[in-house]
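Visitor:
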Amino acid sequence: MYFSSMDGDFVNRLYSRSTSPKCQAEGCDFDLTNAKNYHRRHKVCEFHSKASTVIAAGLTQRFCQQCSRFHLLAEFDNGKRSCRRRLADHNRRRRKSSQNQNHSKSQITSTQSSSSEIISRYEPD
Ligand SMILES: [Zn+2]
Ligand SMILES: [Zn+2]
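Take the sequence shown: its letters are residues 1 to 125, numbered as in the UniProt record's numbering.
1. Terminal residues of the continuous alpha helix (DSSP H) containing F76?
2. Please give the ranges of any alpha helix (DSSP H) in the UniProt domain "SBP-type" (20-97), keeping only runs that are unbroken, at least 4 residues long and fully inside the region.
3. On the criterion of 16 or more Cβ atoms from any shown chain inside 10 Å, does F63 qualify as buried, or is it exposed?
4. Indicate, with yes or no, if ligand 2 has a heavy atom lying under 6 Å from the CB of H48.
5. Would Q65 and R40 be called neighbours here (beta carbons separated by less than 7 Å)?
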């Protein structure tokens with residue numbers, strides 16, 4: 001850590017002080033006090049939770065709607081709002097269960113399209 005132990009008390013006080021929640025995006029001071037629970041909990045305003053790129057913590061990132069946190073753009077497929085890892089998890093699980101029932105290729109194609117339906121339903125409103 002950068003802070004020495006002598007500064008520990010100061011740091012604790014800094015963190016425990018109740019400040020109104022703000023969006024993590026750089027340059028965005030959106031006050032989340034009256035925002036939706038979801039946005040307040042994840043410290044992101046509605047705009048930045050949907051933006052395709054957001055500068056947060058000095059890095060170009062995007063808010064992942066599956067993990068409810070920012071990831072680097074490298075974690076996403078182009079234009080996707082959910083990181084690749086989550087999508088892979090989804091597909092793997094779907095494919096595994098479909099293999100138990102049916103080995104045909106058409107079955108796999110149809111489960112893939114239905115899994116993206118499920119993902120879009122997780123979008124916060
Ligand atoms: Zn914001
Ligand atoms: Zn994610």
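Glycine included, every Cβ here is placed at the ideal spot set by N, Cα and C.
Guide: Let's see:
1. Here residue 76 corresponds to residue number 76 of the sequence shown, with the count starting at 1. No alpha helix (DSSP H) holds F76; DSSP gives it neither H nor E.
2. Runs of the alpha helix (DSSP H) inside the UniProt domain "SBP-type" (20-97): 37-41, 46-50.
3. To locate residue 63, count along the sequence shown from 1; it is residue 63. Taking every protein chain shown into account, the CB of F63 has 16 or more other CB atoms within 10 angstroms, so this residue is buried.
4. Mapped onto the sequence shown, residue 48 falls at position 48. No, ligand 2 has no heavy atom inside 6 Å of this Cβ.
5. In the sequence shown, counting from the first residue as 1, residue 65 sits at position 65. In the sequence shown, counting from the first residue as 1, residue 40 sits at position 40. Between Q65 and R40, the CB-CB gap reaches or exceeds 7 Å.
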